[in-house]
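Throughout the sequence shown, residue numbering follows the working numbering, covering 5 to 210 in sequence.
Take a look at the structure below.
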Amino acid sequence: MEERKNETARDVSEAAGTTGGGAAERSGAHPHPLADFIYCPRCGGEFRPNNGKSNRCLKCGFVYYFNPSSAVACFITDPQGRVLVSRRAFEPAAGTLDLPGGFVDCFETVEQAVHREVMEETGLEIESLRYLFSRHNIYPYSGFEVHTTDLIFEARTGSFEGCRPQDDVAELLAVEPEALDPSQFGLRSIAEAVAVYKARRLAAGR
Ligand SMILES: [Zn+2]
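As structure tokens, this is what we get:
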């Protein structure tokens with residue numbers, strides 16, 4: 005229990021150290037995402053920044069808040085302790101390593117999203133799903149910066165036999181935890197998650 009507390013504290017400081025903190029990032033190189041939205045989606049009126057988190061239409065009064073999208077990623081292990089890693093088929097970061105996962109749909113829980121995304125990308129059923137920690141990220145898509153909250157999970161599966169790359173996955177690899185290399189993971193939040201996960205696995209001797 006004590007050890008878990010220490011790990012959590014270290015994770016928080018690691019996140020702050022690598023990103024400079026959420027507020028600093030928002031006010032720095034990245035403008036607020038609503039800066040790109042200049043017309044009201046309801047009436048086409050002038051759509052102006054409201055309070056730093058929302059825009060308000062000068063014509064009809066519509067207020068739109070922009071929050072990060074929920075996304076999930078999962079460390080799946082087999083009985084030998086190997087981790088299932090995917091290779092991204094598409095941009096952003098095409099060709100780099102990733103974890104099975106993706107965006108949470110409307111009307112589903114994050115746990116349902118993990119099971120669905122893992123099934124869609126690998127064909128695997130998973131069990132013993134457990135939440136680990138989160139990271140924030142910016143996911144460039146279609147010329148727009150999609151701000152995400154990435155929820156990192158771990159789960160087990162009986163075997164990687166029969167898993168097959170599908171959907172936006174080009175290849176699936178079974179990797180020993182000590183061979184995980186964060187620099188090969190193209191999405192920043194996932195690379196950070198891999199570094200934390202690898203350190204925990206090695207510290208726990210498993
Ligand atoms: Zn309007």
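C-beta: ideal position from N, C-alpha, C; glycine also.
Proximity below 8 Å, CB of residue i to CB of residue j
{"i": "SER90", "j": "GLU125", "result": "yes"}
{"i": "GLU131", "j": "CYS78", "result": "no"}
{"i": "THR153", "j": "SER58", "result": "no"}
{"i": "GLY190", "j": "ARG92", "result": "yes"}
{"i": "LEU155", "j": "VAL76", "result": "yes"}
{"i": "GLY106", "j": "GLU121", "result": "yes"}
{"i": "PRO186", "j": "ALA195", "result": "yes"}
{"i": "ILE80", "j": "LEU136", "result": "no"}
{"i": "PHE148", "j": "ASP40", "result": "yes"}
{"i": "PRO72", "j": "HIS140", "result": "yes"}
{"i": "ALA97", "j": "VAL108", "result": "no"}
Range covered by the alpha helix (DSSP H) that runs through residue i
{"i": "HIS119", "result": "114-126"}
{"i": "ARG192", "result": "192-207"}
Length of the line joining the Cα atoms of residue i and residue j
{"i": "LEU101", "j": "GLY85", "result": "19 Å"}
{"i": "PHE70", "j": "ARG160", "result": "35 Å"}
{"i": "ARG134", "j": "VAL150", "result": "26 Å"}
{"i": "MET123", "j": "LEU103", "result": "13 Å"}
{"i": "CYS47", "j": "ALA197", "result": "42 Å"}
{"i": "ARG192", "j": "TYR43", "result": "32 Å"}
{"i": "PRO53", "j": "TYR68", "result": "10 Å"}
{"i": "GLU50", "j": "LEU177", "result": "50 Å"}
{"i": "ALA199", "j": "PRO83", "result": "22 Å"}
{"i": "ALA28", "j": "TYR143", "result": "Interpretation of ALA28 is limited by its pLDDT of 40, a score under 50 that renders its predicted location unreliable; the figure taken from the coordinates is listed afterwards. Cα to Cα, the separation comes out at about 18 Å."}
{"i": "PRO35", "j": "PHE66", "result": "22 Å"}
{"i": "GLU115", "j": "ASP171", "result": "19 Å"}
{"i": "CYS64", "j": "ASN55", "result": "17 Å"}
{"i": "CYS167", "j": "GLN188", "result": "22 Å"}
Start and end residues, beta strand (DSSP E) containing residue i
{"i": "GLY106", "result": "105-107"}
{"i": "ARG91", "result": "87-92"}
{"i": "HIS140", "result": "131-145"}
{"i": "PHE157", "result": "148-160"}
{"i": "PRO53", "result": "51-53"}
{"i": "THR81", "result": "73-81"}
{"i": "SER187", "result": "Per DSSP, SER187 belongs to no beta strand (DSSP E) and is neither H nor E."}
{"i": "ARG60", "result": "58-61"}
{"i": "ALA178", "result": "173-179"}
{"i": "TYR68", "result": "67-69"}
query = Around ligand 1, what residues have a beta-carbon under 6 Å from a heavy atom of it, in chain order?
reply = CYS44, ARG46, CYS47, GLY49, CYS61, LYS63, CYS64, PHE66
query = With a cut-off of 8 Å, do at least 3 Cβ pairs link the segment 196-207 to the segment 169-182?
reply = yes
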